[in-house]
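Protein chains in written order, with this note's numbering: chain A, 868 to 1155; chain B, 868 to 1155. We put the CB at the ideal spot given by N, CA and C, even for glycine. To keep things clear, I will list the structure first and then write my remarks on it.
Number of protein chains: 2
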Amino acid sequence: MLGGAATFFSLAASMFDQVNLVGPVGDDFGEAEMAVLRTRGANVDDVEHVAGGKSFFWSGRYHDNMDTRDTLDTQLGVFEHFEPKLSEGSREAEVVFLANIQPGLQLQVREQCERAEFVALDSMNLWIDIARDQLVDIIGRVDCLLLNDEELRQLTGKPTIYTAAREILGWGPSIIVAKQGAHGATLITADSYFSLPAYPLELVVDPTGAGDTFAGGFVGFIAAHAGGTFDDNVLRNAMAYGTSLASYTVQRFGTEALQAITPDDVDQRVADLWSYGRFDLIESALRA
Amino acid sequence: MLGGAATFFSLAASMFDQVNLVGPVGDDFGEAEMAVLRTRGANVDDVEHVAGGKSFFWSGRYHDNMDTRDTLDTQLGVFEHFEPKLSEGSREAEVVFLANIQPGLQLQVREQCERAEFVALDSMNLWIDIARDQLVDIIGRVDCLLLNDEELRQLTGKPTIYTAAREILGWGPSIIVAKQGAHGATLITADSYFSLPAYPLELVVDPTGAGDTFAGGFVGFIAAHAGGTFDDNVLRNAMAYGTSLASYTVQRFGTEALQAITPDDVDQRVADLWSYGRFDLIESALRA
């Protein structure tokens, strides 16, 4: 079914701001799929149709805990020989998300966005394994890196996500987001640490796309509210909006939920998340 | 080295209130070990020395992420034929913690504490596997159950910790604490949900005892502050104190850290944890 990082990201981010999509699709990508991409007015001028090509394809099997998964099949398809050439409109983007793909492709897009004030990057263990130097290079050119806990440790060789994040903050980015699946996400900057649980659910139907949906809400919120500065409380709210949106994605297959939800749905879960993490400090008299 | 649930629990809980320890030890348990148990005035009258016996022993190997471990050896030793007979002082306890051991033994202690107003229970997958009926029985007679995520799912057959906790709330307890290792802990009651991250650390030296230390801080705080009622904000602060204390345990081997820390150390990390989970809601104007 229709999936893909750009799809989930765009459906979430378009709740906050205009999205311009960049990427290639193949002959298997029809008008119905394009219609989904155009949700909430996303611009698809830079979605390049490669005649005779096949769209990127992924399939996997989730473990019982829905947090770990085995990849069954990955086909880069039209991404294999893709050379991104951004339209003028996309080149002028002030906020850019480089979804998970070969680091070399991410770099080509990054270099065309000369006016970008905030660039976020997602990646995965595959690129740490086979293209680590290129990955470290592009990480040095972005403001924000999103990776899961294990990938943060793998990339840096550091034992905890805290030390891993501190290491990467020295490479260039000013914001690290550790994605923790059913355990939520943690934001680490030079002088702030913020951890937000995942939204509690009765049933997780399909976690596919949760990370990209989170990124869409996170980056979308920043695009709509940052105004050039990345205030700590803006980043924390962005985490909550990303988490709220991702919680809807995992409750249904594919993009079903993201197409159906309303602003009130999203706001409601953000308000819930606010209450799930707060407490009023009680003065305690500890015994020495 | 000296470890054990009662040891870690007592060292943490004694920072809040007088602790009476109940349990058997063998000939290998000497005066140095008893001295540790007596830290901060804990009463060891009900620590029964079994002549010719061997103390409970556990060893294991942690995986790289420090969150999963393989048990190498468990020897019940003097626990195998233990029949707890509580002194009058222990029988009058208003707050009771039943540390992880055979559910039948936990029940015997529970039944002798007729004045208990708050009873918390810890257990593990072993007892779900080999003594499930007894475990479910004792769970029905306590106020609070502490288990890790996987055990909550295993015990109930429910897919998420939220649905697992809701199920167990129907068995009798009014408070469920899901222990999540490096991801923190989550508190679930009939009308509240609270999730707290673990304290971020540069290095985890030995996670052994973290869960029991958490329980000691959690139950100890409740003993010192609840006064018969279990106010939601008291429970949330109790989570923070348990988390703060546990973060010290894992930074050193055995009970070293718990013997060395001061009230200020504990308060400082509680204040940090307060800041790691909070944000001020920003009104957002989402696009439909």
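Quiz item: Are the C-beta of A:P1074 and some C-beta of chain B separated by less than 8 Å?
Solution: The residue given as residue 1074 of chain A occupies position 207 in the first sequence. Not an interface residue.
Quiz item: What are the start and end residues of the beta strand (DSSP E) that includes B:W994?
Solution: Within the second sequence, residue 994 of chain B is the residue found at index 127, counting from 1. Where B:W994 is concerned, there is no enclosing beta strand (DSSP E), although the alpha helix (DSSP H) it sits in stretches over N992 to I997.
Quiz item: What are the boundary residues of the beta strand (DSSP E) that B:I1149 is part of?
Solution: For this step, residue 1149 of chain B is matched to residue 282 along the second sequence. In the DSSP annotation of this structure, B:I1149 is not part of any beta strand (DSSP E), being labelled neither H nor E.
Exercise. Look at A:T1053 and A:S1062 and say whether their C-beta atoms are less than 8 Å apart.
Key: By one-based count along the first sequence, residue 1053 of chain A stands at place 186. By one-based count along the first sequence, residue 1062 of chain A stands at place 195. Yes, they are a contact pair.
Exercise. Go through the region 1005–1033 of chain A residue by residue and report every complete run of the alpha helix (DSSP H) that reaches 4 residues or more, in order.
Key: 1016–1023, all fully within the region 1005–1033 of chain A.
Quiz prompt | Of the listed residues A:V1137, A:Y1029 and A:S990, nearest to A:I1055 (C-alpha basis) | solution = As a first step, residue 1055 of chain A is located in the first sequence; it is residue number 188 there, counting from the start. Ranking the options by Cα distance to A:I1055, first place goes to A:Y1029.
Quiz item: If you check the beta carbons only, do B:E961 and B:R982 fall under 8 Å apart?
Solution: Reading the second sequence from its first residue, position 94 is the one you call residue 961 of chain B. Reading the second sequence from its first residue, position 115 is the one you call residue 982 of chain B. The criterion of a C-beta distance shorter than 8 Å is satisfied by B:E961 and B:R982.
Quiz item: chain A beta carbons: is any one of them nearer than 8 Å to that of B:H930?
Solution: Numbered from 1 along the second sequence, position 63 holds the residue referred to as residue 930 of chain B. Among the CB atoms of chain A, none fall inside 8 Å of the CB of B:H930.
Practice problem: Please list, in chain order, all residues of the same chain as A:I1035 whose beta carbon is under 8 Å from its beta carbon, the five residues on each side excluded. | Solution: Residue 1035 of chain A sits at position 168 when you count from the first residue of the first sequence. Only I1006, L1012, L1019, L1022, T1023 and I1043 meet the Cβ criterion.
Quiz item: Is A:S877 near A:L869, with beta carbons less than 8 Å apart?
Solution: Along the first sequence, one-based indexing puts residue 877 of chain A at 10. Along the first sequence, one-based indexing puts residue 869 of chain A at 2. For A:S877 and A:L869, no; Cβs fall outside 8 Å.
Quiz prompt | Delimiting residues of the alpha helix (DSSP H) encompassing A:G971 | solution = Start at 1 with the first residue of the first sequence, and residue 971 of chain A comes out as number 104. First-last of the alpha helix (DSSP H) with A:G971: P970 to Q979.
Exercise. Could you please tell me which residues of the region 1047–1072 of chain A, in chain order, have their CB closer than 9 Å to any CB of chain B?
Key: Cβ contacts with chain B: Q1047, A1049, H1050, G1051, T1053, I1055, S1059, Y1060, F1061, S1062, L1063, P1064, A1065, P1067, L1068, E1069, L1070 and V1071.
Exercise. Check whether the Cβ atoms of A:E1069 and B:T1027 lie closer than 8 Å to each other.
Key: Here residue 1069 of chain A refers to the residue found at position 202 when the first sequence is read from its first residue. Here residue 1027 of chain B refers to the residue found at position 160 when the second sequence is read from its first residue. It is a contact, given that the beta carbons lie within the stated cut-off.
Exercise. May I have the straight-line CA-CA distance separating B:E1123 from B:Y1115, to the nearest angstrom?
Key: For the purposes of this step, residue 1123 of chain B is taken as the residue at position 256 of the second sequence. For the purposes of this step, residue 1115 of chain B is taken as the residue at position 248 of the second sequence. Each residue's alpha carbon lies about 9 Å from the other.
Quiz prompt | Cα-Cα separation, A:E1150 to B:D1139 | solution = Working through the first sequence from its first residue, we reach residue 1150 of chain A at position 283. Working through the second sequence from its first residue, we reach residue 1139 of chain B at position 272. In this structure, the alpha-carbon of A:E1150 lies about 14 Å from that of B:D1139.
Quiz item: Does DSSP classify B:S954 as helix, strand or coil?
Solution: By 1-based counting over the second sequence, the position of residue 954 of chain B is 87. In the structure shown, B:S954 sits in coil (DSSP, three-state: anything other than H, G, I, E or B).
Quiz prompt | A:S877 - DSSP class collapsed to helix/strand/coil | solution = Within the first sequence, residue 877 of chain A is the residue found at index 10, counting from 1. Residue state, collapsed to three classes: helix.
Exercise. Using a Cβ-Cβ cut-off of 8 Å, state whether B:M868 counts as contacting chain A.
Key: Here residue 868 of chain B refers to the residue found at position 1 of the second sequence. For B:M868, the closest Cβ of chain A is not nearer than 8 Å.
Practice problem: Starting from the beta carbon of B:I1149, find every residue of chain A whose beta carbon is closer than 8 Å, and list them in chain order. | Solution: As a first step, residue 1149 of chain B must be located in the second sequence, where it is residue number 282. Within 8 Å Cβ-Cβ: H1092, N1100, V1101 and N1104.
Quiz item: When you compare only the Cα positions, how much space is there between A:V903 and B:L972?
Solution: Start at 1 with the first residue of the first sequence, and residue 903 of chain A comes out as number 36. Start at 1 with the first residue of the second sequence, and residue 972 of chain B comes out as number 105. So the two alpha carbons sit approximately 59 Å from each other.
Exercise. With a 10 Å radius around its C-beta and 16 neighbouring C-beta atoms as the bar for buried, classify B:R1154 as buried or exposed.
Key: Stepping through the second sequence from its first residue, residue 1154 of chain B is reached at position 287. Exposed.
Quiz item: Is the shortest distance between the beta-carbon of A:P951 and the beta-carbons of chain B less than 8 Å?
Solution: Stepping through the first sequence from its first residue, residue 951 of chain A is reached at position 84. Interface annotation, A:P951: not in contact with chain B, CB-CB separation never under 8 Å.
Quiz item: Among B:D931, B:A918 and B:S1111, which residue has its Cα nearest to the Cα of B:A1082?
Solution: Within the second sequence, numbered from 1, the residue matching residue 1082 of chain B stands at position 215. Closest in alpha carbon position to B:A1082, among B:D931, B:A918 and B:S1111, is B:S1111.
Quiz prompt | Reduced DSSP category for B:P1074 - H, G, I as helix; E, B as strand; rest coil | solution = Taking the second sequence and counting its residues from 1, one reaches residue 1074 of chain B at position 207. Three-state result, B:P1074: coil.
Quiz item: Should A:M1106 be labelled buried (16 or more other beta-carbon atoms within 10 Å of its own) or exposed?
Solution: Here residue 1106 of chain A is taken as the residue at index 239 of the first sequence, counted from 1. By the neighbour-count rule (16 or more Cβ atoms within 10 Å), A:M1106 is buried.
Self-check item: Rounded separation between A:A918 and A:D912 - CA only
Solution: As a position in the first sequence, residue 918 of chain A is number 51, starting the count at 1. As a position in the first sequence, residue 912 of chain A is number 45, starting the count at 1. Separation of A:A918 and A:D912 (C-alpha to C-alpha, rounded to the nearest whole angstrom) is 16 Å.
Quiz item: Can you tell me the Cα-Cα spacing of B:F924 and B:D895, whole angstroms?
Solution: Residue mapping note: residue 924 of chain B aligns to position 57 of the second sequence, counting from 1. Residue mapping note: residue 895 of chain B aligns to position 28 of the second sequence, counting from 1. Approximately 11 Å between the Cα atoms of the pair.
Quiz item: Could you check where the alpha helix (DSSP H) with B:S1142 kicks off and where it finishes?
Solution: Counting from 1 along the second sequence, the entry for residue 1142 of chain B is found at position 275. Note, B:S1142: alpha helix (DSSP H), P1130 to Y1143.
Quiz prompt | Where the beta strand (DSSP E) containing B:G927 begins and where it ends | solution = Locating residue 927 of chain B in the second sequence gives position 60, where the first residue counts as 1. F924 to Y929 is the span of the beta strand (DSSP E), which, as asked, contains B:G927.
Practice problem: Alpha carbon to alpha carbon, how far is A:K1046 from A:Y1066? Give it in angstroms, no decimals. | Solution: Reading the first sequence from its first residue, position 199 is the one you call residue 1066 of chain A. Reading the first sequence from its first residue, position 179 is the one you call residue 1046 of chain A. A:Y1066 and A:K1046: Cα-Cα distance of roughly 13 Å.
Quiz prompt | N-terminal and C-terminal residue of the alpha helix (DSSP H) that B:E898 is part of | solution = As a first step, residue 898 of chain B must be located in the second sequence, where it is residue number 31. Here the alpha helix (DSSP H) through B:E898 covers E898 to L904.
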